[in-house]
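Peer 1: In the numbering used here, the protein residues as written are 96 to 936.
Cβ atoms here follow ideal geometry from the backbone N, Cα and C, with glycine treated the same way.
Please see the structure below; I have some questions.
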């Protein structure tokens, strides 16, 4: 009540936003005569002048009226199309980082050229995201005439381009491409081993076309790059034959308390002899050494019928806490395969996630995000909560005169489809085109068969023939046209009415079922009535439809009974329509809750991903890693001292054998016996400094042997490989954690809080292992020829699987920053600790 009164007095929020924009529109229109009088050369030179003004301190908002007027004139001269005021309003909304709801046929594609040109003047790039390659290619070529006329370059990111082509497309002022291509390029870039191979660059400003489809409908399933977890199962069998020949305390040491088994120098020599290799620590044999260590663990630390069982020729993990079997779960880092080799069962060669991101978290990394769609208002709350995006409803250029008829409801689906067929036949007789929307391929093909039997010429559009989508949709407005389409098909392509169709009432839309989301229904209706054209729509429903049966419940059935529904007799009643909309609202709310929960979980991974990818970018930057390596050495030395030193005991009473073994394991040398002067008064801190000094001396010797430049490159490659391998395993661990986390709810624990806590602990453990393994390899690896350092790089991406989403999730915007986190600043992983005490350790 109060809200309605305030709206009447002050206008709706949307009206207030439009009122702020209208003076800018008047300014743009006032500039039109002046811009129109310019020669082509003068008009083209505007771009240079705008850039100079920006260098002199002008903002994009300062330049906006003249820039928009310039684009409008360039469009007239190149395409013969003039931006309407409604498109100017949409362009301003996009520039402001809003979602512009523009009805079908209102010219979203042309409207996007205005903010794209304006923001490209900054030189930081503009990305325009479409839903398929066809639209990306079409819009690049079509709108490219405007940009090229004004001196800006345009790129097209399509499936199948190589890295050089992608880099060129991204380096353009404005780049068009699909959401999948942009997302996968982000993931691929964060798997590269050289900055020169990175293609995407800064995520500055994105305009997402069909934004509801990409940010809501496709939000639930993440983009995933996966690949074979291990190269070959042969290596496990080869290594498996070595372990039984190794002797405890001679070839390896075992610490059951610490759950570690370590090869001795004698054991390494024996393994080298059996494998017929000269040096297991050679760069090319590091993988073999890793498998030997895993096989050693499998034989010495993992007991059959205690840690795992063998059932139906499979190794199944036993939960150490509950004793329950955990089928489907696998140890990472090749340990599970080592157990399979040990037990002589089939060795599974897994596909493992190498990199993953959701569309929500990818697009929230842009400095500025905007979107366009014909249907956003019903999801305005979700756009605001998840992406902090406001929806601006743009008034149509011409009044909307489409007639949306009430739903017609039948008892059975058979009756409903008979009525649909009758209406199609009737429309076809008089020549009025109709577009029939279905929710599945099966239904569309069933209708097509019925039309074929009746001798009615028709076209079918579904996933089986989507390549012809634009061509089919473009012809759907011609006389006598009957087009059967799945509800979402044909978005982005306008249906132009053929000659004489306006007099017949325009395009008629027939919906054969209500979707769970009102927005999808509105999209189907929106195919008709473009740019003030006449048109009409009607939905045919049945009580057997999923939405009515599952979500409408007894309420709709009881209403129908009261209305006295007879066989083959349809009912049109507003009370039924309201009940259906209520059912849709329930489903939309339920789906929103699912997406919201999913993004809350994904945000945990997103914070960790940002830390890892920032570390990778810093590693790739070319800056020396030597200070970071020296910090790692110091930290690991402190850990050894902390573990072995009892402050109550004298230095000569410490476990020097254990200390030397720990130093050897980490740094590949033993300190030997220390003299009495050194031992006298030695403290925990003193021991840490001693280990650090010895280790850095060894480190410098290794650097001198290889050469500083080559050693820096070696450090960089080892760090990247280690981070990538452990991040891959961490993704698997986080997946397993998420799978089991729901059960915590039964123990009165909040699953999300538990997931955050345990996920953070796993992440800290991973960071610690990155440092430990990087040092372990760096102190052992042997390079006989400096040029072979480059051989350590990961093989060219091959056997990778790319899978991406088409569903929904959410949370609060995360802005990517390139600045280095200070050691005393809060750690960006979300722990609340200082960076130096957390992930920067």
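Put residue 617 into one of helix, strand or coil per three-state DSSP.
Peer 2: Stepping through the chain shown from its first residue, residue 617 is reached at position 522. If DSSP states are grouped into helix, strand and coil, residue 617 belongs with the helices.
Peer 1: Quick one: which unbroken beta strand (DSSP E) runs of 3-plus residues sit fully inside the region 329–412? Chain order, please.
Peer 2: At a cut-off of 3 residues, the continuous stretches assigned as beta strand (DSSP E) that sit fully inside the region 329–412 are 347–350, 355–358 and 403–406.
Peer 1: Using 10 angstroms around the beta-carbon of residue 855, count the other beta-carbons present and answer buried if the total reaches 16, otherwise exposed.
Peer 2: Looking up residue 855 in the chain shown gives position 760. Its Cβ being crowded by 16 or more others within 10 Å, residue 855 is buried.
Peer 1: Taking the C-alpha atoms as reference points, what is the distance between residue 212 and residue 155?
Peer 2: As a first step, residue 212 must be located in the chain shown, where it is residue number 117. As a first step, residue 155 must be located in the chain shown, where it is residue number 60. Just so you know, the alpha carbons of residue 212 and residue 155 end up roughly 11 Å apart.
Peer 1: Alpha carbon to alpha carbon, how far is residue 521 from residue 599? Give it in angstroms, no decimals.
Peer 2: Numbered from 1 along the chain shown, position 504 holds the residue referred to as residue 599. Numbered from 1 along the chain shown, position 426 holds the residue referred to as residue 521. Each residue's alpha carbon lies about 12 Å from the other.
Peer 1: If contact is defined by three or more beta carbon pairs under 8 Å, each pair taking one atom from either stretch, is the region 807–816 in contact with the region 768–786?
Peer 2: no
Peer 1: As a quick exercise: from 402, 428 and 436, pick the residue whose alpha carbon is nearest that of residue 422.
Peer 2: What you label residue 422 is simply residue 327 of the chain shown in a count that begins at 1. Residue 402 is the option with its Cα nearest to residue 422.
Peer 1: Take residue 333 as the anchor and find which of 390, 789, 762 and 795 has the nearest alpha-carbon.
Peer 2: Residue 333 sits at position 238 when you count from the first residue of the chain shown. Between residue 333 and the set 390, 789, 762 and 795, the nearest pair of CA atoms involves 390.
Peer 1: Report yes if the CB atom of residue 572 is closer than 7 Å to the CB atom of residue 551, and no otherwise.
Peer 2: As a working mapping, residue 572 is identified with position 477 in the chain shown. As a working mapping, residue 551 is identified with position 456 in the chain shown. Going by C-beta atoms, residue 572 is not nearer than 7 Å to residue 551.
Peer 1: Report yes or no: do three or more beta-carbon pairs, one from the region 297–304 and one from the region 436–444, lie closer than 8 Å?
Peer 2: Short answer: they don't touch.
Peer 1: Hey, out of 288, 280 and 312, whose CA is closest to residue 298's CA?
Peer 2: Along the chain shown, one-based indexing puts residue 298 at 203. Among 288, 280 and 312, the Cα nearest to that of residue 298 belongs to 280.
Peer 1: Let me make sure I understand the geometry here. Which of 759, 826, 847 and 833 has the alpha-carbon closest to that of residue 873?
Peer 2: Taking the chain shown and counting its residues from 1, the one referred to as residue 873 is at position 778. Closest option to residue 873, Cα to Cα, is 759.
Peer 1: To the nearest angstrom, how far is the alpha carbon of residue 481 from that of residue 474?
Peer 2: Here residue 481 refers to the residue found at position 386 when the chain shown is read from its first residue. Here residue 474 refers to the residue found at position 379 when the chain shown is read from its first residue. Their Cα atoms are separated by approximately 11 Å.
Peer 1: Check the C-beta distance from residue 451 over to residue 826 and give it rounded, since I have them as a contact under 8 Å.
Peer 2: Here the question's residue 451 lines up with position 356 in the chain shown. Here the question's residue 826 lines up with position 731 in the chain shown. With a Cβ gap of about 7 Å, residue 451 and residue 826 count as contacting.
Peer 1: If you check the beta carbons only, do residue 488 and residue 109 fall under 7 Å apart?
Peer 2: In the chain shown, counting from the first residue as 1, residue 488 sits at position 393. In the chain shown, counting from the first residue as 1, residue 109 sits at position 14. Yes.
Peer 1: Can you tell which of 763, 866, 714 and 790 has its C-alpha closest to the C-alpha of residue 875?
Peer 2: Looking up residue 875 in the chain shown gives position 780. Selected option, being the one with the closest Cα: 763.
Peer 1: Name the residue from 116, 165, 112 and 433 whose alpha carbon lies nearest to the alpha carbon of residue 132.
Peer 2: For the purposes of this step, residue 132 is taken as residue 37 along the chain shown, with counting starting at 1. Comparing Cα positions, the closest option is 165.
Peer 1: Any idea if residue 137 is buried or exposed, counting beta-carbon neighbours within 10 angstroms, 16 or more meaning buried?
Peer 2: As a working note, residue 137 is residue 42 in the chain shown. Counting Cβ neighbours within 10 Å, residue 137 comes out exposed, since fewer than 16 surround it.
Peer 1: Buried or exposed: which applies to residue 115, given that a residue is buried once 16 or more other Cβ atoms fall within 10 Å of its Cβ?
Peer 2: By one-based count along the chain shown, residue 115 stands at place 20. When all chains shown are included, residue 115 counts as exposed.
Peer 1: Can you tell which of 706, 293, 496 and 282 has its C-alpha closest to the C-alpha of residue 321?
Peer 2: Sequence index remark: in the chain shown, residue 321 carries index 226 (1-based). Nearest C-alpha to residue 321: 282.
Peer 1: Leaving out five residues before and five after residue 253 in sequence, what residues of the same chain have Cβ atoms less than 6 Å from its Cβ?
Peer 2: Taking the chain shown and counting its residues from 1, the one referred to as residue 253 is at position 158. 228, listed in sequence order.
Peer 1: Quick check on the burial criterion: 16 or more other C-beta atoms within 10 angstroms. Buried or exposed for residue 343?
Peer 2: Residue mapping note: residue 343 aligns to position 248 of the chain shown, counting from 1. By the 10 Å Cβ count, residue 343 comes out exposed.
Peer 1: For residue 238, name the three-state secondary structure that DSSP assigns.
Peer 2: Taking the first residue of the chain shown as position 1, residue 238 is located at position 143. Three-state result, residue 238: helix.
Peer 1: What residue range is occupied by the uninterrupted beta strand (DSSP E) comprising residue 304?
Peer 2: On the chain shown, position 209 is the one that residue 304 refers to. 300–304 is the extent of the beta strand (DSSP E) around residue 304.
Peer 1: Nearest chain D C-beta to residue 792 closer than 7 Å, yes or no?
Peer 2: Any reference to chain D falls outside this structure, which holds one protein chain only.
Peer 1: What's the gap between the Cα of residue 175 and the Cα of residue 160?
Peer 2: Within the chain shown, residue 175 is the residue found at index 80, counting from 1. Within the chain shown, residue 160 is the residue found at index 65, counting from 1. Looking at the two C-alpha atoms, the distance is approximately 21 Å.
Peer 1: For residue 196, which residues does DSSP report across the bridge?
Peer 2: What you label residue 196 is simply residue 101 of the chain shown in a count that begins at 1. Residue 196 is bridged to 468 and 488.
Peer 1: At 4 residues or longer, what runs of the alpha helix (DSSP H) sit wholly inside the region 243–291?
Peer 2: 258–265 and 274–284
Peer 1: Between residue 258 and the rest of its own chain, which residues show a CB-CB distance below 8 Å, the 5 nearest in sequence each way excluded?
Peer 2: Locating residue 258 in the chain shown gives position 163, where the first residue counts as 1. The answer, listed in chain order, is 292 and 294.
Peer 1: Leaving out the 5 sequence neighbours to the left and right, which residues in its chain are closer than 6 Å to residue 617 when beta-carbon positions are compared?
Peer 2: For the purposes of this step, residue 617 is taken as residue 522 along the chain shown, with counting starting at 1. So the qualifying residues of the chain are 470.
Peer 1: What is the DSSP secondary structure of residue 634, reduced to helix, strand or coil?
Peer 2: In the chain shown, the residue the question calls residue 634 occupies position 539. It is a strand residue.
Peer 1: What separation, rounded to the nearest whole angstrom, lies between the Cα atoms of residue 485 and residue 168?
Peer 2: Position 390 of the chain shown, counted from the start, is the residue given in the question as residue 485. Position 73 of the chain shown, counted from the start, is the residue given in the question as residue 168. Between residue 485 and residue 168, the C-alpha separation is close to 29 Å.
Peer 1: I'd like to check one pair, residue 615 with residue 504: are the Cβ atoms closer than 7 Å?
Peer 2: Reading the chain shown from its first residue, position 409 is the one you call residue 504. Reading the chain shown from its first residue, position 520 is the one you call residue 615. Using a Cβ distance threshold of 7 Å, residue 504 and residue 615 do not count as a contacting pair.
Peer 1: Take residue 621 and list the residues in its own chain whose beta-carbon comes closer than 8 Å to its own, dropping the five residues that flank it on each side.
Peer 2: By one-based count along the chain shown, residue 621 stands at place 526. Here the set comprises 198, 199, 469 and 470.
Peer 1: Let me check one thing: in DSSP terms, what residues is residue 421 bridge-paired to?
Peer 2: Indexing the chain shown from 1 puts residue 421 at position 326. Answer by DSSP bridge pairing, in chain order: 412.
Peer 1: To the nearest angstrom, how far is the alpha carbon of residue 112 from that of residue 458?
Peer 2: Along the chain shown, one-based indexing puts residue 112 at 17. Along the chain shown, one-based indexing puts residue 458 at 363. C-alpha separation (whole angstroms): 24 Å.
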